[in-house]
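All residue numbers for the sequence shown refer to the numbering used here, where the first residue is 1 and numbers rise by one.
Every residue gets a Cβ at the ideal spot worked out from N, C-alpha and C, and that includes glycine.
If you're wondering where the values come from, they're calculated on a predicted model, not measured in any experiment.
Shown next, in structure tokens, is the structure this report addresses.
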Amino acid sequence: MGFPTATTQTSQAVGNTTTPTATFPAASAGDLIIAIMAQDGAGTFTWPGAGATWQEIADHAFTGGTTHIAYLIAASGETSVTPTSTLSERSNHIVLSIPAATWHGTTPPEVTIVSTATTLRNHCHAWLDRA
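Now the structure itself:
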């Protein structure tokens, strides 16, 4: 099997809120959905159904913001995710949808966050400034 291919990518900016919602096209059973959220401030996220449905794989604070990454192996028909944040801050989101047929479906995704976070911070702040 080749490298997984994201068939859809959605992105959006959200104003100050403790419940930012990221929407995406309806998922089919077995699809891998990856949500990447950058938020001003050092809040933490609680993902819906944490541990049962959405699985957090990164929660990285840096000067002036936080990056949160979680994934879902879709049951069928999911179209959004609304984590709860400890801070009312603006955020930007990208959601990738990888069809079940293009990934092996057994090993969860892995992510590595740059330890210095300088590059990540600069990219996230530029991204948040679009909001």
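Looking only at its chain, what residues have a beta carbon closer than 6 Å to the beta carbon of residue i, apart from the 5 residues adjacent to it on each side?
i: D59; result: H68
Within 10 angstroms of the Cβ of residue i, are there 16 or more other Cβ atoms? Answer buried if so, exposed if not.
i: G43; result: buried
i: N16; result: exposed
i: S85; result: buried
i: S91; result: buried
i: G64; result: exposed
i: T66; result: buried
i: I39; result: The amino acid occupying residue 39 in the given sequence is Gln; Ile does not appear at that position. Classification for Q39: buried.
i: A70; result: buried
Would residue i pass as a contact of residue j if the rule is Cβ separation under 7 Å?
i: A35; j: A27; result: no
From the DSSP output, which residues share a beta bridge with residue i?
i: A61; result: T66
Compare the Cα-Cα distances from residue i to each of the options and report the closest residue.
i: T19; options: G30, P48, T53 and W103; result: P48
i: P83; options: A74, A101, E56 and T10; result: E56
i: P25; options: H104, S80, A38 and F45; result: S80
i: W54; options: W103, V95 and T10; result: V95
Below 7 Å CB to CB, which residues in the same chain sit around residue i once its five sequence neighbours on both sides are set aside?
i: I73; result: G30 and L32
Which residues in the same chain have their Cβ closer than 8 Å to the Cβ of residue i, if we skip the five residues on either side of it in sequence?
i: W127; result: Annotation note: pLDDT 47 at W127 (below 50); position unreliable, coordinate value reported separately. A38 and N92, listed in sequence order.
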